[in-house]
Amino acid sequence: MSISHSDRQQLLEQKRQRLQELKQRRLLQQSSRSPTPEEPHALLFKKRVDATTQTQYDEISSNKANPINQVTKKEIDKYDKSVQTTTPIQIETPSVPAEKKVNLLDKQAICENDLNEALTTSIKTVNKIQITKTIQLDQSAKRASDVNLLSGFNITATHNFKQTIRCMDVLSKSLALAFTDNEAVVYDFQESQFFPEFYLKSLSGIEIMQFDKYNNHRIVGGLSNGGICIWELGNSSISLMPVLSTPLYSSILRTSALSHLDKIVYLTQFLLDGNPCILSVSRDGVVNVWSANLLVEPKLSFKIFGSTRKADDSQVMNGLYLGPDEIVGTNFILDLIVATNDGRIYKGNGELVHEDCLSIIGSLIKLDNLIISSHSEWNFKIWKQQQVQPFKGIPTPYIVRQMIIRPQRKLQLVTVGYPNLANSRYVVDIWDLSKKIYSPITTIMESVDKIDDIAFNETGDTFIVVVKGNMTVYSIDDSKFSRFEKDDSHFDKGI
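For the sequence shown, full-length UniProt numbering begins at 1 and goes up steadily by one.
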């Protein structure tokens with residue numbers, strides 16, 4: 001349906017008329033609204049208080065209420081939006097860049113060691129966080145056990161004695177511990193449980209404690225006052241005093257025997273002419289051989305350095321017997337060697353055997369046909385009995401304080417060192433010199449606290465560590481050592 005031109009003109013004309021009417025209405029509305037609100041505000045500002053202004057003020061306030069509310073509402077909306085957008089930025093932004101700028105600008109205070117320590121600390125922290133997500137904190141013993149399974153040492157028992165342990169000895173499933181309060185206890189630790197069997201008393205501190213090699217129901221002790229005593233482990237009583245002990249001064253007996261006037265540093269047992277005997281060496285260089293059945297007077301007594309050297313010149317720090325367990329006569333004196341505080345090793349007759357630089361010897365052991373001495377200069381040395389100079393010098397990342405051999409193994413030993421250069425901890429390592437000389441085959445444990453003592457049982461398949469009164473018993477799996485004994489460089493092939 002088409003629309004003619006005239007109709008369009010009419011429609012347009014009608015629209016124009018409507019628009020004009022609307023404009024006129026708007027103009028009338030605007031003209032009807034007088035700008036009277038400005039005058040009342042001015043009157044209010046001038047504070048005129050008369051009856052006419054008061055009535056007009058009510059009308060003005062009522063007319064102006066809507067625009068004022070609208071304006072304040074808009075201002076409040078804008079203010080709320082600004083608070084929501086700006087408040088978090090003002091709180092968070094200043095703190096973060098402030099720390100970064102300080103760390104980056106202070107370049108002189110940063111060194112490579114600090115960066116390495118920070119990196120190591122962060123890695124340890126991340127590892128701890130990952131572990132705590134999967135393993136409970138009260139299962140620390142199990143975590144250590146899992147780690148030691150890989151190295152061949154599995155934790156089978158732990159016990160806290162709440163006392164400092166001076167020395168210990170192991171025989172089968174019996175464990176003898178000497179504490180610092182002149183007391184000792186013999187435990188039965190079968191099936192991972194420690195059960196006290198006997199309580200031993202002493203008049204002086206116990207420096208060395210050994211099970212009798214020829215009578216399992218006796219214990220031999222070397223005391224800090226130079227005495228030797230023997231306890232009988234009977235069934236009649238659990239609290240025992242020594243049944244045999246040496247006299248403190250031999251001059252009472254009017255004999256030529258020499259008394260130990262200083263603490264016992266070495267104790268061993270052998271058969272002399274078919275009789276069980278005890279050889280004792282004190283720090284002042286006195287050597288005595290006692291019958292295990294009579295400790296009143298020594299069978300043999302002498303001083304290593306004789307009258308040519310004063311006792312104050314040298315002190316014996318360690319002793320070692322190199323001879324057989326069954327001997328005849330007195331030639332065994334030449335099989336006794338001692339290490340003194342001047343860093344030298346002498347025979348029992350005072351003859352110099354090995355000499356080296358002046359360094360304190362911490363421990364002295366016999367391994368097969370070799371002599372091994374640990375020194376305070378961060379190494380231990382291997383000696384051959386017929387050579388004056390050391391056969392090998394083995395550097396270590398710690399000072400070796402104690403060494404013990406592993407029974408029934410040809411060239412295996414365990415060392416206790418402190419402090420480790422890597423982390424300043426006490427370290428217990430096991431070495432196999434037939435496989436590698438310059439590095440241990442594995443690390444048994446590390447500890448922040450001082451390690452009191454270590455020991456093997458007579459078969460070498462049980463290892464015990466005491467750390468600040470806390471004892472840990474390990475069972476050993478030799479099959480795990482094979483993967484640590486290989487040296488791909490073929491440089492360290494062992495002895």
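Just so it is clear, CB atoms sit at the ideal spot from N, CA and C, and this is done for glycine as well.
Query	Result
For residue 549, which three-state DSSP category applies?	The question about residue 549 has no answer here: the residues shown for the chain are numbered 1 through 495.
Apart from the five residues just before and just after Asp335, which ones in its own chain have a Cβ nearer than 7 Å to its Cβ?	Tyr321, Leu322 and Gly323
Give the straight-line distance between the Cα atoms of Ile361 and Gln163, rounded to the nearest whole angstrom.	28 Å
For the 8 Å Cβ check, are there 3 or more pairs between the segment 452-459 and the segment 434-443?	no
For Asp429, count the other beta carbons within 10 Å of its own beta carbon; 16 or more makes it buried, fewer makes it exposed. Which is it?	buried
Any idea what DSSP makes of Leu171, helix, strand or coil?	strand
What residue from Phe270, Arg283, Phe194 and Val186 has the CA that sits closest to Ile238's CA?	Val186
Taking the Cβ atom as the reference point for each residue, do Gly222 and Thr246 lie within a distance shorter than 7 Å?	no
Name the DSSP beta bridge partners of Ser475, please?	Asn154 and Thr462
For Tyr266, which residues in the same chain have their Cβ closer than 6 Å to its Cβ, ignoring the five residues on either side in sequence?	Val281 and Gly319
For the segment 269-277 against the segment 229-236, do three or more pairs of beta-carbon atoms, one drawn from each stretch, fall closer than 8 Å, so that the two count as touching?	no
So the candidates are Gln210, Phe153, Ile399 and Tyr426; which of them puts its Cα closest to the Cα of Arg166?	Gln210
Let's test the definition: count the other Cβ atoms within 10 Å of the Cβ of Lys381 and tell me whether it reaches 16, buried, or not, exposed.	buried
In three-state terms, what does DSSP make of Ser6?	helix
My output table needs one value for Gln20: the three-state DSSP class, helix, strand or coil.	helix
Considering just the uninterrupted stretch of the beta strand (DSSP E) at Lys366, what are its terminal residues?	Ile361 to Leu367
Give every residue of the same chain whose Cβ lies closer than 6 Å to the Cβ of Glu377, excluding the five residues on either side of it in the sequence, and list them in chain order.	Ser359
Put Gln210 into one of helix, strand or coil per three-state DSSP.	strand
So, helix, strand or coil for Phe332, using DSSP?	helix
Whole angstroms are fine: how far does the CA of Ile372 sit from the CA of Val316?	17 Å
DSSP on Thr121, reduced to helix/strand/coil?	helix
Where Phe481 and Arg409 are concerned, what is the direct C-alpha to C-alpha distance, given to the nearest angstrom?	13 Å
In three-state DSSP terms, what is Phe302?	strand
Can you grab the Cα-Cα spacing for the pair Ala292 / Glu117, in whole Å?	57 Å
Taking Asp342 and Ser374 to be in contact with their CB atoms under 8 Å, please state how far apart those CB atoms are, rounded to whole angstroms.	Not quite, the Cβ-Cβ distance comes to about 16 Å (not below 8 Å), so this is no contact.
Taking buried to mean at least 16 other C-beta atoms within 10 Å of its own C-beta, is Ala422 buried or exposed?	exposed
Does Pro397 pass the burial test, meaning 16 or more other C-beta atoms within 10 Å, or should it be called exposed?	exposed
Within 10 angstroms of the Cβ of Arg26, are there 16 or more other Cβ atoms? Answer buried if so, exposed if not.	exposed
Run the CB neighbour count on Arg16, radius 10 Å, all protein chains shown included, and call it buried at 16 or more, exposed below.	exposed
For Gly348, is the classification buried or exposed, using 16 other Cβ atoms within 10 angstroms of its Cβ as the cut-off for buried?	buried
So, for Thr72: in the same chain, excluding its five sequence neighbours on each side, which residues have a beta-carbon less than 8 Å away from its beta-carbon?	Low confidence applies to Thr72: its pLDDT is 45, below 50, so where it sits in the model is not reliable enough to give any reading.
Quick check on Asn13: does DSSP put it in helix, strand or coil?	Here the sequence assigns Glu to residue 13, which means Asn is not the residue at that position. Three-state result, Glu13: helix.
When we look at the beta-carbon of Leu279 and count the other beta-carbons within 10 Å, is it buried (16 or more) or exposed?	buried
At which residue ranges does the segment 352-437 contain complete alpha helix (DSSP H) runs of 4 or more residues, listed in the order of the chain?	none
Using DSSP with H/G/I as helix, E/B as strand and the rest coil, what is Gln29?	helix
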